[in-house]
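Student: Could you have a look at this structure, given as structure tokens, before my questions?
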Amino acid sequence: MEALLLILSGEDALEPLSRAAQLDEPGTALFLCLALAVSGHGDRIHASWLGTAFGDLSAEHPVTPGQRALWTAAARGAYGPAGKIFVLRKLDAAGVASSVDHDLWLRVLAPEESSSGTSPAMTALPALADVPELAAPVQAAARLSRLLDRCTDITSTRPPRNTPPTPRPAPSEPRNAPPGSTASPGSHTDTSGPHADRSGPLTDPSGAAADPTGSSADRSGLPAEPTRSHADRSGSPAKPSAHRADAPGARTHSSEAQTDSSGTRADHPNPRRIDLSSLANPSADDPPRPELPTIAGKDDSAPPPDAEPLTVLRSMVLEDGSVPLKPLTAHLLDDIRPDADPYLAAIAFHVAAPVVRDAAGRLAEESAVAPPAEITVPLLGHDVILRPEGPDLPSLTAAESAIRAAEAARRSPRWLVYGPALLPIVALVLAFTVSELFAVAALVLGGIVGALLWRVNTRDQAEARRVEDEITRLREQAEAAVWALHDYARESAQRAETAADNLASITRLLRRGPAVADHRPASPR
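Numbering (UniProt numbering), first residue to last: 1 to 525.
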């Protein structure tokens, strides 16, 4: 915290950085990278700090909260274009794209939608839409179009900031210094950011650029000669920095400058109380931080952009290690989903670029498949072979015979009617031989049998008409399916051309890659 305050004030933080690095160099680098990113001073970090804080990344081991926080901050431009390039190289070196199933990447980027895979030519005859040979190219073309839309959305320019960033004090003046005060020695600022070619150690106070005259710290990490302020240039004698480790009396002064139990530094120009609980429980009295870009179309209930870095900072302050860990592939798949953060999606899209290229080429090939020479279509529950010149006659005749056979099986047996027809004859014979009363019974039974015969004949005639209507409808649907195949063939040529254009567009987007230079604008100095 002491080194962080000195860096934010533009002063020499060599001594506290050296002490912190001796205790925990990776933890110190992680804390400074996240704290400077959250406060809007990500361009002050040293190039080596990111590498020390990030550590090793592989697909076999879970991503630590610190790595994820640095990943998130760099994706949102906290460290400039060089920070994004650093994360991209780390992810490329992990080789995670080849370790994940390609179909899984495609399902996340462009989910399957059954409603969109229907050809206009098939709408009049739903049976054709269920044929795999006809539905597969249509679904592939629709999925390729959704993939292009998703790739365009990911690689599009990030929306501008809605509110201007909060100004921060000039690095040459301490934050609490009175107006008009001159800069303290060693308060020059690193303007090159993390993308500069620098190899200094973690103990570099503020990532200051090397002085062409040789007055700055050399590459061995030794402190440079004291710089002169504006007053020194006017003729006054130069005063050595009070925070220099090699200055006369530096050891005595540094021992006296230790912080007290309340966290206040004695030799600071305007001593301030370092309240570590402010990270765990931020209040309204805390100084405002620069606001990050607001994403158009994002839900207001979404977590703030600084949520993950702040969570890691609080866990470091409170020594809370209960943050759940996730594998690298899970983070990438979450980042590339349609509702994910666009900045993180751009990074994940770069990792998945080889998979997207292969998937787009495969979908374009499936979309350009020519219509088959013949297909078997279920019409009215019967399979009929269709060709461009017309339906196959043997298969159509077999379907008609199956319809007639099904109608004959539904008819009632004739013996159920002809058996009762013998009863009136028996009653008439008994009327002549036994009694005349059987004549009345013969008349009644004859009427009943006649009514039954009439009902059976009427039902058979209606069934015959229904069978003829079904056969007629079968032939009409077969003819309509043939015409639909002609329309489908014309659509197939247009669909192949559109798929080729979509593939070319996706290839251009993949070559362009994520908008690395589209980073969060730096706060005015």
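Backbone N, C-alpha and C fix where the C-beta goes; we use that ideal spot for every residue, glycine too.
Ignore the nearest five residues each way along the sequence and tell me which others in residue 425's own chain have a CB closer than 7 Å to its CB.
Tutor: Position 425 of the sequence shown, counted from the start, is the residue given in the question as residue 425. Result list for residue 425: empty, nothing under 7 Å.
Student: What does DSSP give as the partner residues of residue 375 in its beta bridges?
Tutor: On the sequence shown, position 375 is the one that residue 375 refers to. 386.
Student: Nearest to residue 408 by alpha carbon, out of 386, 326, 463?
Tutor: Residue numbering aside, residue 408 sits at position 408 when the sequence shown is read from its first letter. The shortest C-alpha separation from residue 408 is found at 463.
Student: Mind checking residue 105: buried by the 16 CB within 10 Å criterion, or exposed?
Tutor: As a working note, residue 105 is residue 105 in the sequence shown. Residue 105 comes out buried.
Student: Would you decide whether residue 508 is buried or exposed? Buried here means 16 or more other CB atoms lie within 10 Å of its CB.
Tutor: Residue 508 sits at position 508 when you count from the first residue of the sequence shown. Looking at its Cβ environment, which holds fewer than 16 other Cβ atoms inside 10 Å, residue 508 is exposed.
Student: So what does DSSP say about residue 434, is it helix, strand or coil?
Tutor: Along the sequence shown, read from residue 1 onward, the residue named residue 434 stands at position 434. DSSP places residue 434 in coil when its eight states are reduced to three.
Student: Measure the C-alpha to C-alpha separation of residue 68 and residue 370 and round it to an integer number of angstroms.
Tutor: As a working mapping, residue 68 is identified with position 68 in the sequence shown. As a working mapping, residue 370 is identified with position 370 in the sequence shown. Near 47 Å, if we compare the C-alpha coordinates of residue 370 and residue 68.
Student: State the CB to CB distance for the pair residue 90 and residue 57, rounded to an integer number of angstroms; the pair is presumed to be in contact (CB under 8 Å).
Tutor: As a first step, residue 90 is located in the sequence shown; it is residue number 90 there, counting from the start. As a first step, residue 57 is located in the sequence shown; it is residue number 57 there, counting from the start. Right, the Cβ-Cβ distance comes to about 5 Å (below 8 Å), so this counts as a contact.
Student: Here's the rule: buried if 16 or more other CB atoms are within 10 angstroms of the residue's CB, otherwise exposed. What is residue 526?
Tutor: Given that the chain is displayed from residue 1 to residue 525, the structure contains no residue 526 and the question cannot be resolved.
Student: CB-CB under 6 Å to residue 489, same chain, minus the five flanking residues each way: which ones, in chain order?
Tutor: Locating residue 489 in the sequence shown gives position 489, where the first residue counts as 1. Same-chain partners within the cutoff: 371.
Student: When the Cα of residue 387 is compared with those of 374, 477, 394, 506, which residue comes out closest?
Tutor: For the purposes of this step, residue 387 is identified with residue 387 of the sequence shown, where counting begins at 1. The candidate whose alpha carbon is nearest that of residue 387 is 374.
Student: If you reduce the DSSP assignment to three classes, tell me which class residue 351 lands in.
Tutor: Sequence index remark: in the sequence shown, residue 351 carries index 351 (1-based). Note: residue 351 maps to helix in three-state DSSP.
Student: Using only CA atoms, which one of 59, 40, 476, 145 lies nearest to residue 76?
Tutor: If you number the sequence shown from 1, residue 76 lands on position 76. Considering only alpha carbons, the answer is 40.
Student: So if DSSP puts residue 391 in a beta bridge, which residue, or which two residues, is it bridged to?
Tutor: Position 391 of the sequence shown holds residue 391. Looking at the DSSP assignment, residue 391 forms a beta bridge with 386.
Student: What does a CB cutoff of less than 8 Å around residue 470 pick up in its chain, not counting 5 residues either side in sequence?
Tutor: As a working mapping, residue 470 is identified with position 470 in the sequence shown. 380, 403.
Student: In or out: residue 17 buried (at least 16 other Cβ within 10 Å) or exposed?
Tutor: Against the sequence shown, residue 17 aligns to sequence position 17. Residue 17 should be labelled buried.
Student: The alpha helix (DSSP H) that contains residue 145, what's its start and end?
Tutor: Locating residue 145 in the sequence shown gives position 145, where the first residue counts as 1. Where residue 145 is concerned, the enclosing alpha helix (DSSP H) starts and stops at 132-155.
Student: In angstroms with no decimal places, state the Cα-to-Cα distance between residue 511 and residue 347.
Tutor: Within the sequence shown, numbered from 1, the residue matching residue 511 stands at position 511. Within the sequence shown, numbered from 1, the residue matching residue 347 stands at position 347. Distance between the alpha carbons of residue 511 and residue 347 is about 14 Å.
Student: Buried or exposed for residue 329, going by 16 or more other Cβ atoms inside 10 Å?
Tutor: Start at 1 with the first residue of the sequence shown, and residue 329 comes out as number 329. Label assigned to residue 329: buried.
Student: Run through the segment 14-73 for me and flag every whole alpha helix (DSSP H) of 4 or more residues, listed as ranges in chain order.
Tutor: Complete alpha helix (DSSP H) runs here, min 4: 14-38, 47-54.
Student: Which residues mark the beginning and the end of the alpha helix (DSSP H) in which residue 104 is found?
Tutor: Residue mapping note: residue 104 aligns to position 104 of the sequence shown, counting from 1. Start and end: 102-109.
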